[in-house]
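Colleague: Okay, handing you the structure first.
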Amino acid sequence: MRLPRKTSARPIRRLRRADLPVDTIELARYLIGKTLVHDTARGRLSGRIVETEAYPVGDAAAHHFRGMTPRNRSLFLQRGFAYVYFTYGSCFMMNVASEKPGVGAGVLIRALEPLEGLELMARHRGAARLRYLARGPGRLAAAMRIDKRYDGIDLCAAGPLWLGAAVKAAGPVGCSVRIGISRETNRAWRFYERGSGYVSGPKRLRA
DNA sequence: TATGCGATATTCT
DNA sequence: GAATATCGCATAG
């Protein structure tokens, strides 16, 4: 006799590097529906990735465009490594490096549907409503307690911050221009789960 | 719901 | 010294 399947009790499978597409745009599309997990001393924080943006090779809006600097060097690591940086005086943001080692490119993780550790996330965010806990890259980093310490770490290794397989299959994936940039603004390199209330941006970029 | 604006610190010019 | 892959609050409709 089979026991009923309880998603919450099933361990999340870690993604291996071989699971990740090398191509930046394919990786951005692939990550929709996958899980981001942070195992902290106080418990597990996790969420479904519902929004990403690709910053591929030769993209003038990308941090790696003008070559390697002390800040952006993690973007030149092999795929599956984290690039975390600080901006606007208040926000950390996390990218997953893509392409081959030595090539600068990455995928910005922009929003999560929170799964585990909701109370902890709310505490990190100052008691925001569920829908806004990790909606937007800065909020996501705050909720998941991701900061500069994680810059350059391997998200496919046995560390505290890692990528997991999908807990729930992704719905239809939409595609649009990217948010908050002033160059290459016509490129449709943003991906999101259609209709999800956890996706950032104006309504027309969520449908 | 939509738009506007100030805060904030690190990086690069 | 300028720019920035944003957020949260204020205000208006």
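Using numbering that gives the first Met the number 0, you'd call the opening residue of the first sequence number 0 and step up by one each time.
C-beta: ideal position from N, C-alpha, C; glycine also.
In this text the structure is predicted, and so the values were computed from the model without any measurement.
Leaving out five residues before and five after R148 in sequence, what residues of the same chain have Cβ atoms less than 6 Å from its Cβ?
Modeller: There are no such residues.
Colleague: Below 8 Å, can you find three or more Cβ-Cβ pairs linking the stretch 31-50 to the stretch 65-77?
Modeller: They do not touch, by the three-pair rule.
Colleague: Count the other CB atoms, across all protein chains shown, that sit within 10 Å of the CB of D146; report buried if there are 16 or more and exposed otherwise.
Modeller: Counting Cβ neighbours within 10 Å, D146 comes out exposed, since fewer than 16 surround it.
Colleague: Hey, out of T184, K202, N185, whose CA is closest to E192's CA?
Modeller: Of the candidates T184, K202, N185, the one whose C-alpha sits nearest the C-alpha of E192 is K202.
Colleague: Kindly indicate which three-state DSSP category H123 falls into: helix, strand or coil?
Modeller: Reduced to three states, the DSSP call for H123 is helix.
Colleague: When you compare the CB positions of G196 and R138, do they come within less than 7 Å of one another, or not?
Modeller: Cβ atoms of G196 and R138: not closer than 7 Å.
Colleague: Below 8 Å CB to CB, which residues in the same chain sit around A140 once its five sequence neighbours on both sides are set aside?
Modeller: Closer than 8 Å at Cβ, skipping near neighbours: V83, C90, F91, M92, M93, D146.
Colleague: Answer with buried or exposed for E118, where buried requires no fewer than 16 other C-beta atoms within 10 angstroms of its C-beta.
Modeller: It is exposed - the Cβ of E118 has fewer than 16 other Cβ atoms within 10 Å.
Colleague: Hey, quick one: how far does the alpha helix (DSSP H) through M143 stretch, first residue to last?
Modeller: Start and end: 136-143.
Colleague: Roughly how many angstroms separate the alpha carbons of G135 and P113, rounded to a whole number?
Modeller: So the alpha carbons of these two residues sit roughly 12 Å apart.
Colleague: DSSP three-state call for S45: helix, strand or coil?
Modeller: Of the three classes helix, strand and coil, the one that applies to S45 here is strand, per DSSP.
Colleague: Over the uninterrupted beta strand (DSSP E) stretch that includes Y191, give me the two end residues.
Modeller: It spans 189-192 - the beta strand (DSSP E) in which Y191 sits, taken as one unbroken run.
Colleague: Apart from the five residues on each side of it in sequence, which residues of its chain come closer than 7 Å, Cβ to Cβ, to I24?
Modeller: Only A53, P55, W188 meet the Cβ criterion.
Colleague: Would you list the residues sitting across from Y82 in a DSSP beta bridge?
Modeller: Y82 pairs with N94.
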